[in-house]
Amino acid sequence: MSGPAAHYTESAPPEGLARVLVCRWETLVGAEPRPVLPDGCTDLMWTGERLFVAGPDTGPQPVREPPGTRITGVRFAPGRGPALLGVPGDALRDARPDLALLWRPGEAERLADALAAAPDPAGGLAAAVAGMLRAAGPPEPWVAAVVRAADGGERVADLARRLGLSERQLHRRCLGAFGYGAKTLQRVLRFRRSLRLAGRPGAVLAEVAAEAGYADQSHLAREARALAGAPPAALR
Numbered sequence: 001m002s003g004p005a006a007h008y009t010e011s012a013p014p015e016g017l018a019r020v021l022v023c024r025w026e027t028l029v030g031a032e033p034r035p036v037l038p039d040g041c042t043d044l045m046w047t048g049e050r051l052f053v054a055g056p057d058t059g060p061q062p063v064r065e066p067p068g069t070r071i072t073g074v075r076f077a078p079g080r081g082p083a084l085l086g087v088p089g090d091a092l093r094d095a096r097p098d099l100a101l102l103w104r105p106g107e108a109e110r111l112a113d114a115l116a117a118a119p120d121p122a123g124g125l126a127a128a129v130a131g132m133l134r135a136a137g138p139p140e141p142w143v144a145a146v147v148r149a150a151d152g153g154e155r156v157a158d159l160a161r162r163l164g165l166s167e168r169q170l171h172r173r174c175l176g177a178f179g180y181g182a183k184t185l186q187r188v189l190r191f192r193r194s195l196r197l198a199g200r201p202g203a204v205l206a207e208v209a210a211e212a213g214y215a216d217q218s219h220l221a222r223e224a225r226a227l228a229g230a231p232p233a234a235l236r
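The letter at position 180 of the sequence shown is residue 180 when you use UniProt numbering, and the numbering goes up by one with no holes.
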């Protein structure tokens with residue numbers, strides 16, 4: 001979950017969780033928050049009352065919490081959240097379910113009670129993730145391979161062949177790990193890269209498109225409308 005608000009800060013994940021978490025973050029919802037844009041990640045979030053998950057998105061998502069709500073979260077790296085939460089990624093896609101609906105009775109409630117009593121909710125969420133990691137063990141090696149391939153623009157057919165899988169087998173695995181197929185992950189990661197590049201001082205969209213891996217500026221514009229619901233210039 002990432003998007004401008006009245007207040008938003010990020011901090012690095014604790015030592016030992018850098019391969020699992022992108023960051024810890026906190027936001028104060030503003031009066032007119034901008035939509036949350038796809039980033040390939042899954043987030044675990046706490047409002048002080050509600051403990052819920054933001055699944056991997058395929059388009060812009062409205063911020064549903066009322067203005068003034070303070071949200072603390074941890075952002076899982078692509079492909080890590082669903083496995084650690086014990087929920088298939090495609091069951092979380094474009095969704096914001098309460099954690100209590102996903103875990104066994106009482107488990108989410110105990111975590112919520114611990115977070116309510118914690119002086120540092122972000123630290124409490126990170127500690128919970130550390131516990132998930134101990135229980136789940138190391139990730140499947142193919143997950144990191146898919147992320148690298150998607151970020152590098154490798155063709156899905158070539159990736160599947162390299163992993164010794166059919167394209168259908170790879171797609172099915174990716175649904176569980178990422179919430180969608182490798183091609184969609186590639187589109188999302190490329191779009192996030194374009195946003196980072198467009199945020200540089202003096203950035204020219206035609207150059208951003210080329211550097212991010214788009215065929216041309218029109219290609220970038222089409223993808224921005226599909227994934228963010230707005231033209232690239234409006235997202236700066």
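Ideal Cβ positions, reconstructed from N, Cα and C, are used throughout, including at glycine.
Just so it is clear, the structure is predicted and the values come from calculations on it, not from any experiment.
Hey, how far is the Cα of His-7 from the Cα of Ala-198? Counted from its first residue, the sequence shown places residue 7 at position 7. Counted from its first residue, the sequence shown places residue 198 at position 198. Approximately 21 Å, taken between the alpha carbons.
Bounding residues of the alpha helix (DSSP H) (the contiguous stretch that carries Ala-194): As a position in the sequence shown, residue 194 is number 194, starting the count at 1. Per the sequence shown, the amino acid found at residue 194 is Ser instead of Ala. Ser-194 -> alpha helix (DSSP H) spans 182-198.
In whole angstroms, what separates the C-alpha of Ala-233 from that of Ala-114? Position 233 of the sequence shown, counted from the start, is the residue given in the question as residue 233. Position 114 of the sequence shown, counted from the start, is the residue given in the question as residue 114. In a straight line, the C-alpha of Ala-233 is about 43 Å away from that of Ala-114.
Under the three-state DSSP convention, the category Cys-23 falls into: The sequence position of residue 23 within the sequence shown is 23, counting from 1. Reduced to three states, the DSSP call for Cys-23 is strand.
Own chain, CB closer than 6 Å to Asp-98, minus 5 neighbours either side, in chain order: Position 98 of the sequence shown holds residue 98. Once the five neighbours on either side are set aside, the close Cβ partners of Asp-98 are Phe-52.
I believe Pro-67 touches Val-29 by the beta-carbon criterion, under 8 Å. Please report the beta-carbon distance rounded to the nearest angstrom. For the purposes of this step, residue 67 is taken as the residue at position 67 of the sequence shown. For the purposes of this step, residue 29 is taken as the residue at position 29 of the sequence shown. Contact check for Pro-67 and Val-29: beta-carbon distance about 5 Å, within the 8 Å limit, so the pair qualifies.
State the DSSP-derived secondary structure class of Asp-10, mapped to helix, strand or coil. As a first step, residue 10 is located in the sequence shown; it is residue number 10 there, counting from the start. Looking at the sequence shown, residue 10 is not Asp but Glu. Strand, per DSSP.
Could you give the distance in angstroms between the alpha-carbon of Ser-2 and the alpha-carbon of Met-132? Along the sequence shown, one-based indexing puts residue 2 at 2. Along the sequence shown, one-based indexing puts residue 132 at 132. Here the model assigns Ser-2 a pLDDT of 47, short of 50, so the residue's position is not dependable and the matter cannot be decided.
Express the C-alpha separation of Ala-130 and Leu-227 in angstroms, rounding to a whole number. Counted from its first residue, the sequence shown places residue 227 at position 227. Counted from its first residue, the sequence shown places residue 130 at position 130. Each residue's Cα considered, the two are about 32 Å apart.
Does the segment 114-124 come within contact of the segment 52-61, defined as at least 3 CB pairs closer than 8 Å? With the cut-off at 8 Å, the segment 114-124 and the segment 52-61 do not touch.
Taking only the alpha-carbon atoms, compute the straight-line gap between Gly-81 and Pro-38 and give it to the nearest angstrom. Within the sequence shown, residue 81 is the residue found at index 81, counting from 1. Within the sequence shown, residue 38 is the residue found at index 38, counting from 1. If I take the Cα positions, the gap works out to 15 Å.
Would you mind giving the Cβ-Cβ distance between Glu-26 and Thr-47, rounded to the nearest angstrom? I have them listed as a contact below 8 Å. Here residue 26 corresponds to residue number 26 of the sequence shown, with the count starting at 1. Here residue 47 corresponds to residue number 47 of the sequence shown, with the count starting at 1. 11 Å between Cβ atoms; not a contact.
For the segment 165-175 against the segment 206-213, do three or more pairs of beta-carbon atoms, one drawn from each stretch, fall closer than 8 Å, so that the two count as touching? Judged by Cβ distances under 8 Å, the segment 165-175 makes no contact with the segment 206-213, as fewer than three pairs qualify.
C-beta contact flag for Gly-181 and Gly-89 at 7 Å: Counted from its first residue, the sequence shown places residue 181 at position 181. Counted from its first residue, the sequence shown places residue 89 at position 89. In this structure, Gly-181 keeps its C-beta atom at 7 Å or more from the C-beta atom of Gly-89.
Counted within 10 angstroms of its Cβ, other Cβ atoms place Arg-75 as buried (16 or more) or exposed: Translated into positions along the sequence shown, residue 75 becomes position 75. Burial call: buried.
Taking 7 Å as the cut-off, decide whether the C-beta atoms of Lys-183 and Val-156 are in contact. Position 183 of the sequence shown, counted from the start, is the residue given in the question as residue 183. Position 156 of the sequence shown, counted from the start, is the residue given in the question as residue 156. Result yes, Cβ atoms of Lys-183 and Val-156 sit closer than 7 Å.
Apart from the five residues on each side of it in sequence, which residues of its chain come closer than 6 Å, Cβ to Cβ, to Ala-100? Here residue 100 refers to the residue found at position 100 of the sequence shown. For Ala-100, where only same-chain residues beyond five positions count, the Cβ hits under 6 Å are Ala-108.
Whole-Å CB distance - Gly-40 paired with Val-188, under 8 Å assumed: The residue you call residue 40 lines up with position 40 of the sequence shown. The residue you call residue 188 lines up with position 188 of the sequence shown. The pair is a contact, with the Cβ atoms about 5 Å apart (cut-off 8 Å).
Per DSSP, the bridge partner or partners of Met-45: Position 45 of the sequence shown, counted from the start, is the residue given in the question as residue 45. Met-45 is bridged to Phe-52, Gly-73.
Comparing alpha-carbon positions, which option in Thr-58, Ala-18, Pro-13 lies nearest Gln-186? Locating residue 186 in the sequence shown gives position 186, where the first residue counts as 1. The shortest Cα separation from Gln-186 among Thr-58, Ala-18, Pro-13 belongs to Thr-58.
Distance between Met-45 and Leu-111 (C-alpha atoms, nearest Å): By one-based count along the sequence shown, residue 111 stands at place 111. By one-based count along the sequence shown, residue 45 stands at place 45. Going from the Cα of Leu-111 to the Cα of Met-45 covers about 12 Å.
Please check the pair Gly-153 and Gly-79, which I expect to be a contact at CB under 8 Å, by giving their CB distance rounded to whole angstroms. Indexing the sequence shown from 1 puts residue 153 at position 153. Indexing the sequence shown from 1 puts residue 79 at position 79. Not quite, the Cβ-Cβ distance comes to about 17 Å (not below 8 Å), so this is no contact.
Looking only at its chain, what residues have a beta carbon closer than 8 Å to the beta carbon of residue 237, apart from the 5 residues adjacent to it on each side? As shown, the chain starts at 1 and ends at 236. That puts residue 237 outside it, with no answer to give.
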